[in-house]
Amino acid sequence: MTEHTPRIPGTSRRNMLFGAAAVSAGAFLTACTSNENNASAGTGKQQQAGGVDDKPGKKVTIGFAGPQADHGWLNAINQNAKDRAKQYEDVTLEITEGSNDTAQQIGQIETLINKKVDVLVVLPADGKALTQVGLKAMRAGIPVVNLDRVFASQQAYRCWVGGDNYGMGLNAGHYIGEQLKDKKNAKVVELAGIDNLELTRQRTQGFDDALKNYPNIKKVGRQAAEFTVESGQSKMAGLLQAHPDFDALWNHDDDQGVGAERAIEQAGRDGFLMVGGAGSRKVMDTIKADNSVLKATVLYPPTMSASAIDLARALGQGKGIGGMAELEIPASITLYSAVVTKDNVDDYLPTGFN
Amino acid sequence: MPPAKEAPGTRARRRPDIRNLSLLGVLAALVLVGALTKPEQFLSVQNLQLVLTQASVIGVVTVGVTFVIIGGGIDLSVGAMVALATVWATTVATQQFGLSGILLCALCVGLGCGLVNGLLVSLGGIVPFIATLAMLASARGLALQISDGRTQVVSVDPVLALGRRDAYLLGIPPIVLVFAVVTVIGWLLLNRTTFGRRTVAVGGNPEAARLAGIDVRRQRLLLYLLSGLCCGIAAFLLIVLTGSGQNTNGNLYELDAIAAAIIGGTLLSGGRGTITGSVLGVLVFTTITNLFALNNLETAVQQIAKGAIIVAAVLVQKGRTP
């Protein structure tokens, strides 16, 4: 491996956008890019600085290898990491262009290793496929914070932090169960995510397990969409057609939920409650407005990347987590999939992503 | 009907009709399955509206792709063009101009991409597979860059209103109406105009077409423009349907559109095909998807069954036209 891995054409497009030297075309694109590019972009600025001691300490360079942001949630992951790092004077963030391509991401991480960053934060496109490069970093003496998609070997990371897919299903199921517990022969339907992903199976398993606590509720329908608005619209339209009446709907993902809500509106249907998943800004606004079937969403917080930066900084400075008795940070941290409803939505609004 | 007694001209005309008949048979069989398994829901007016609406976006794309394939080319970039057009047409800058701004932008982006495809193929002499593959990659990339991964939600009410029930004309959703108009124009264009005859000639034997005085390069350029225009129209329909633009829109449309055209009797090597067949192909796919949803089948089962039905449909056609 040479010091300067050749840049693959196209990798610089994001830099072009962020850079001040963006050509006018780029500037125009940025200008008409976002619907809501305001300060509320879900950056977690209003949160506490976590449990980690935020007094300036030893300077730490953190390498961040994130995913390609082709989805609202993934975009929020990258943004949260960047914003969090900016809050610390003692943190320098070395960030690589996100990629969904395993080989490309391995190359990017190896570049970060060669640059001798102090700590690595990696959200792998595919946890199993990137295990080897995680091991390589650890052997080179660079502790790895593994974000969300877990490596195949525990030797490949020092600390894992991520969301709880099973817990999402569980909490969505319990919320729906509580809402419908007095209703006889209640029916629920499920609009799942991409079916060949492990995480989709875990979400469904959690949902089914929670519903077992409520014998009056039966899951009558399930369709898998693809985390996209288009598939959400199409699959939801099918579900609505197949089930003339049901009492609750759980939709795994708020992005595909935009399409699902559209299908519900087009079919002119109501009389049931809908629970979303992930926690987008739009969904939180809808929950707050309380004028549609959408009553709640279960979180899969993109703030996890901000927490990963906190943990990476603590690792680099040899600190533990405040509020715990341990001297070291834990080996694994699973985030909680809180249920956001009208009652608590104000607390969570700052974490909502576009 | 013994084919041997027919004149060459009529035979060439009639063959696609037989294919369409067998495809109609497949469609009828699917409808029968639907009527037997979910009698009340499948045959309801609402469900019919749903099936046709879901066929519309991919249907419009397929009409364009059918022309390209008949003309001896291929267009792998349709899904990406739809994605780019939806993303671009739903940016805040475009939404300020309301419905017409969004529509115009979607059509222009489609036409622009189609023009690039056409120039690459006709003037650049690049193989259509490669030229449109390059367009697939770059249009998807541009869509991702413009949207920055975000779903761009449409707040222009006249656009959203087109998708609502009260906008239906005599029970027909406007989206379906557009699909019908595109189909009729496509049919007329292919069967009743010089443009259509040239398309078949260029696809069947480009050298003979050139010797017959047809400007082959110009014809190819026009075909990719047509495909791009169809993608622009489809993108607008998708915006109406989903109320948003997203870089993941139009995922795998290229394969669905090509599959529908082939099932509909279009020859992948060019020179033969019908619009009716392609539209029937789209309807078969959409009906299958609808049947699966109504019967609550799992994704894996859906995919297996879809594959089996594609093979069955093509085998049935082969059996009828040896």
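Each protein sequence line maps, in turn, to chains A and B. All residue numbers for the first sequence refer to our numbering, where the first residue is 1 and numbers rise by one. All residue numbers for the second sequence refer to our numbering, where the first residue is 1 and numbers rise by one. Note that the Cβ used here is the ideal one computed from N, Cα and C, for glycine as well.
Query, Result
"Chain A residues whose Cβ lies nearer than 8 Å to that of residue 244 of chain B", "229, 258, 259, 262"
"Chain B contact for residue 24 of chain A (CB, 7 Å cutoff)", "Reliability fails at residue 24 of chain A, whose pLDDT of 38 lies under 50, so the model's placement of it is uncertain and no value is given."
"Short Cβ contact (7 Å threshold) for residue 253 of chain B with residue 117 of chain B", "no"
"Short CB-CB distance (under 7 Å) between residue 293 of chain B and chain A", "yes"
"DSSP bridge partner residues for residue 245 of chain B (one or two, in chain order)", "B:152"
"First through last residue of the alpha helix (DSSP H) which encompasses residue 144 of chain B", "128-147"
"Secondary structure, alpha helix (DSSP H): runs of 4+ residues fully inside the stretch 63-139 of chain B", "78-89, 92-95, 98-122"
"Under 9 Å from the C-beta of residue 195 of chain A: neighbouring residues of chain B", "298, 299, 300"
"Per DSSP, cross-strand counterpart(s) of residue 274 of chain A", "A:249, A:294"
"For residue 161 of chain A and residue 333 of chain A, believed in contact at Cβ under 8 Å, the rounded distance", "4 Å"
"Cβ of residue 120 of chain B within 7 Å of any chain A Cβ", "no"
"Assigned secondary structure, residue 123 of chain A (DSSP; H/G/I helix, E/B strand, else coil)", "coil"
"Nearest residue (CA-CA) to residue 138 of chain A, options A:158, A:294, A:244", "A:158"
"Nonlocal neighbours in the same chain, by C-beta distance under 8 Å from residue 128 of chain A, ignoring five residues either side", "151, 152"
"Residue 171 of chain A - containing alpha helix (DSSP H), residue span", "165-179"
"Residue 105 of chain A to residue 308 of chain A span [Cα, whole Å]", "18 Å"
"CB contact flag (residue 142 of chain B, residue 84 of chain B, <7 Å)", "yes"
"Inter-residue spacing [alpha-carbon to alpha-carbon] between residue 94 of chain A and residue 107 of chain A", "14 Å"
"Cross-strand partners of residue 63 of chain A (DSSP beta bridge)", "A:94, A:120"
"Residues, ordered as in the chain, of the stretch 132-157 of chain B that lie near chain A by beta-carbon distance below 8 Å", "141, 144, 145, 146, 147, 148, 149, 150, 151, 152, 153, 155"
"Sheet register partners of residue 192 of chain A (DSSP bridge)", "A:224"
"Option in A:326, A:331, A:301 with minimal Cα separation from residue 75 of chain A", "A:301"
"Residue environment, residue 377 of chain A, which counts as buried when at least 16 other CB atoms sit within 10 Å", "No answer is possible for residue 377 of chain A: it lies beyond the span of chain A, which begins at 1 and ends at 354."
"For residue 172 of chain B, the three-state DSSP class (helix, strand or coil)", "strand"
"Cβ contact check for the stretch 58-74 of chain A and the stretch 112-122 of chain A: 3 or more pairs under 8 Å", "yes"
"Under 7 Å between C-beta atoms of residue 323 of chain B and residue 289 of chain B", "With chain B represented from 1 up to 322, any question about residue 323 of chain B goes unanswered, as that position is not in the structure."
"Contact set between residue 238 of chain B and chain A, taken where Cβ atoms lie within less than 8 Å", "230"
"Same chain, Cβ closer than 6 Å to residue 337 of chain A, neighbours up to 5 away in sequence not counted", "164, 167, 168, 171, 298, 299"
"Whole-angstrom C-beta distance between residue 317 of chain A and residue 57 of chain A, which should lie under 8 Å", "5 Å"
"Status (buried if at least 16 other CB within 10 Å, exposed otherwise) for residue 56 of chain B", "buried"
"Any chain B beta carbon closer than 7 Å to residue 234 of chain A", "yes"
"Extent of the continuous alpha helix (DSSP H) run through residue 134 of chain A", "131-139"
"C-alpha distance - residue 101 of chain B paired with residue 95 of chain B, whole-angstrom precision", "7 Å"
"Per-residue DSSP class, three states only, for residue 32 of chain A", "The predicted position of residue 32 of chain A is uncertain, since its pLDDT is 40 and thus under 50; a value taken from the coordinates is nonetheless stated next. The answer is coil: DSSP assigns residue 32 of chain A none of H, G, I, E or B."
"DSSP state of residue 31 of chain B mapped onto helix, strand, coil", "helix"
"Top-ranked residue by Cα proximity to residue 260 of chain B, from B:156, B:279, B:197", "B:279"
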